[in-house]
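Q:
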Amino acid sequence: MAVYKTFQPQDALAYAVAHTSLFEGLDPATLSCSEIGDGNLNLVFKVSHPSGTSAIVKQALPYARCVGESWPLTLDRARIEAEAMLIESELCPALVPTIYHYDAGMAVTIMEDLSDHVILRQAMVAGEHFPRLIEDMARFLADTLFFTSDLYLDQQQKKARVAQFINPELCKITEDLFFLDPYCDHERNNVYPGFETRAAALWHNEALKAEVAELKFRFLTEAQALLHGDVHAGSIFVRQDSTKVIDAEFAYYGPMGFDIGSFIGNLLLNFCGQWGLMAAEDQRNAYRSGLLESIDQLWSGFAERFSEHLSQSTRDPSLNTLRWQSRLLRGIWQDTLGYAGCELIRRTVGLAHVKDLDSIADEQRRLQAAEQALILGEALVLQRHELDNMADVLAMLVDKV
Ligand code: ADP
Ligand code: MG
Ligand code: MG
Ligand code: MG
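Just so it is clear: in the sequence shown, position 181 is 181 by UniProt numbering, and no numbers are missing.
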């Protein structure tokens with residue numbers, strides 16, 4: 001294993017030349033490299049040649065980039081990210097960038113350049129639509145969650161996988177940002193001026209806090225499947241004909257509904273944000289209805305494919321009972337709604353905001369959209385046991401905003 005050093009662009013370039021065959025035969029003097037990362041945690045370099053050949057070099061820093069050296073963060077996240085993405089790409093090769101090389105010592109991964117795609121968050125803020133997105137994400141979620149669980153893996157293999165993906169420091173970030181901060185007067189919180197009283201109401205909502213405690217406990221203890229762990233709209237690259245999931249550094253064994261709920265939560269954040277983003281009412285209503293349809297299709301696509309896997313690929317005969325499997329799916333559904341609700345709440349009042357709300361220019365509209373996000377988030381968390389199907393959820397959503 002190489003000895004770690006933080007890359008400058010010229011180091012990333014030399015590293016990509018030395019560790020892939022992509023640039024073979026090209027004069028290194030004709031290659032260029034720049035840092036393009038816009039994420040919170042890591043360095044991302046793009047190495048390219050004028051002919052179009054290119055690669056991405058992602059390197060973890062020994063601290064969180066957005067905060068600086070005062071927030072140390074394990075380099076092991078780079079290994080976890082690369083190893084999780086390799087498993088994902090075995091299961092869904094079309095939905096993950098190709099990994100060319102990774103080195104745990106240097107905390108570096110070299111991967112396919114997806115510059116011909118756009119980040120889903122930006123595209124959804126701009127009101128764009130991607131016809132493959134929902135079907136692709138339903139497949140990604142059903143396949144990665146089923147085939148890394150005890151439903152499919154041999155018992156020994158699964159336990160080894162759990163150990164491979166022990167990710168305490170990154171899990172701690174989620175545990176704090178999702179389940180702790182928004183429900184108390186935490187200094188990390190980021191509350192819009194004029195929204196303080198509304199945010200403070202969360203700290204005293206005992207019914208809500210009890211449900212969030214339940215969801216947090218499940219996040220801490222339910223080693224159901226290898227989660228991606230960070231399926232927000234900034235971790236998905238899209239093109240009209242392609243979907244790619246990146247940034248798996250939060251991967252660990254957790255409750256399946258967390259990944260599904262994170263993604264649905266991001267669709268709902270955009271649903272709320274469109275209140276202030278899209279000016280023309282007809283167009284806005286149509287786009288928002290489309291988002292609700294997408295959520296419906298995402299869950300039904302997931303449930304259909306996951307059920308197919310249950311009936312065709314469950315290996316352990318003692319887990320192969322229809323009656324229990326339908327109970328399992330029901331549990332995943334309830335978790336999905338709960339974690340979607342947590343995502344809505346934490347992105348509205350917690351540390352890490354989203355452009356879907358923050359980029360609303362009109363202040364009053366922005367506060368109204370934030371209010372919608374909190375109302376929906378609270379309702380999903382509180383009512384997840386009574387909401388029997390997506391029709392109930394959509395009726396509740398439309399009713400409340
Ligand atoms: P972080 O863990 O710091 O959030 P990400 O993996 O999300 O890092 O990457 C940050 C940004 O770098 C992305 O939003 C995107 O703009 C760019 N990026 C990351 N991976 C690729 C890639 N494979 N191809 C092109 N750009 C990428
Ligand atoms: Mg990211
Ligand atoms: Mg690929
Ligand atoms: Mg990341």
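Where a beta carbon is used, it is the ideal one built from N, C-alpha and C, also for glycine.
Under 9 Å, do residue 42 and residue 187 count as touching if we go by C-beta distance?
A: Numbered from 1 along the sequence shown, position 42 holds the residue referred to as residue 42. Numbered from 1 along the sequence shown, position 187 holds the residue referred to as residue 187. Not closer than 9 Å, so no.
Q: Over the uninterrupted beta strand (DSSP E) stretch that includes residue 166, give me the two end residues.
A: Reading the sequence shown from its first residue, position 166 is the one you call residue 166. Unbroken run through residue 166: none, as it is neither H nor E.
Q: Alpha helix (DSSP H) containing residue 5: first to last residue?
A: If you number the sequence shown from 1, residue 5 lands on position 5. Careful: residue 5 lies outside any alpha helix (DSSP H) and carries neither H nor E.
Q: Considering just the uninterrupted stretch of the beta strand (DSSP E) at residue 342, what are its terminal residues?
A: Position 342 of the sequence shown, counting from 1, holds the residue named residue 342. In the DSSP assignment, residue 342 falls outside any beta strand (DSSP E) and within the unbroken alpha helix (DSSP H) covering 322-349.
Q: Using a 10 Å radius around the Cβ and a threshold of 16 neighbouring Cβ atoms, would you call residue 341 buried or exposed?
A: For the purposes of this step, residue 341 is identified with residue 341 of the sequence shown, where counting begins at 1. By the neighbour-count criterion, in which 16 or more other beta carbons inside 10 Å mark a residue as buried, residue 341 falls on the buried side.
Q: Quick check: does the Cβ of residue 230 come within less than 8 Å of any heavy atom belonging to ligand 2?
A: Your numbering for residue 230 matches position 230 in the sequence shown. It does: the Cβ of residue 230 is within 8 Å (strictly closer) of some heavy atom of ligand 2.
Q: Please say whether residue 252 and residue 229 have beta carbons closer to each other than 9 Å?
A: Residue mapping note: residue 229 aligns to position 229 of the sequence shown, counting from 1. Residue mapping note: residue 252 aligns to position 252 of the sequence shown, counting from 1. Going by C-beta atoms, residue 229 is nearer than 9 Å to residue 252.
Q: Quick check: is any heavy atom of ligand 1 less than 8 Å from the C-beta of residue 111?
A: Mapped onto the sequence shown, residue 111 falls at position 111. Residue 111: yes, Cβ under 8 Å from ligand 1.
Q: Looking only at its chain, what residues have a beta carbon closer than 7 Å to the beta carbon of residue 117, apart from the 5 residues adjacent to it on each side?
A: Indexing the sequence shown from 1 puts residue 117 at position 117. Within the same chain, residue 117 has close Cβ partners 237, 238, 239, 242 and 244.
Q: Suppose you measure from the CA of residue 216 to the CA of residue 172; what does that come to, to the nearest Å?
A: Numbered from its first residue, the sequence shown carries residue 216 at position 216. Numbered from its first residue, the sequence shown carries residue 172 at position 172. Rounded to whole angstroms, residue 216 to residue 172 spans 11 Å at the Cα level.
Q: Please state the DSSP three-state secondary structure of residue 98.
A: The count along the sequence shown starts at 1 and reaches residue 98 at position 98. In the structure shown, residue 98 sits in coil (DSSP, three-state: anything other than H, G, I, E or B).
Q: So residue 263 packs on residue 137, CB below 8 Å; how close in whole Å?
A: Your numbering for residue 263 matches position 263 in the sequence shown. Your numbering for residue 137 matches position 137 in the sequence shown. Confirmed, Cβ separation roughly 6 Å.
Q: Quick check: is any heavy atom of ligand 1 less than 8 Å from the C-beta of residue 249?
A: The residue labelled residue 249 in the question sits at position 249 within the sequence shown. True, at least one ligand heavy atom lies under 8 Å from that Cβ.
Q: My assumption, with CB atoms under 8 Å, is that residue 134 sits in contact with residue 364. Please give the rounded CB distance.
A: The residue you call residue 134 lines up with position 134 of the sequence shown. The residue you call residue 364 lines up with position 364 of the sequence shown. Not really, about 32 Å apart at Cβ, beyond 8 Å.
Q: Could you check where the alpha helix (DSSP H) with residue 123 kicks off and where it finishes?
A: Translated into positions along the sequence shown, residue 123 becomes position 123. From DSSP, the alpha helix (DSSP H) with residue 123 extends over 120-125.
Q: Extract the residue ranges of the alpha helix (DSSP H) inside the stretch 167-207, only unbroken runs of 4 or more that lie entirely within it.
A: 168-179 and 196-203
Q: Are residue 13 and residue 47 touching if we call contact CB-CB under 9 Å?
A: Here residue 13 refers to the residue found at position 13 of the sequence shown. Here residue 47 refers to the residue found at position 47 of the sequence shown. Contact flag set, yes.
Q: For residue 142, which option in 333, 356, 398 and 39 has the closest C-alpha, if you only look at C-alpha atoms?
A: For the purposes of this step, residue 142 is taken as residue 142 along the sequence shown, with counting starting at 1. The candidate whose alpha carbon is nearest that of residue 142 is 333.
Q: Does any heavy atom of ligand 4 sit closer than 8 Å to the C-beta of residue 289?
A: For the purposes of this step, residue 289 is taken as the residue at position 289 of the sequence shown. Incorrect: residue 289 has no Cβ contact closer than 8 Å to ligand 4.
Q: Mind checking whether residue 50 and residue 63 have CB atoms under 9 Å apart?
A: Here residue 50 refers to the residue found at position 50 of the sequence shown. Here residue 63 refers to the residue found at position 63 of the sequence shown. No; because the gap between Cβ atoms is not below 9 Å, this pair is not in contact.
Q: Check whether the Cβ of residue 44 sits closer than 8 Å to any heavy atom of ligand 1, and report yes or no.
A: Working through the sequence shown from its first residue, we reach residue 44 at position 44. Result yes, Cβ under 8 Å from ligand 1.
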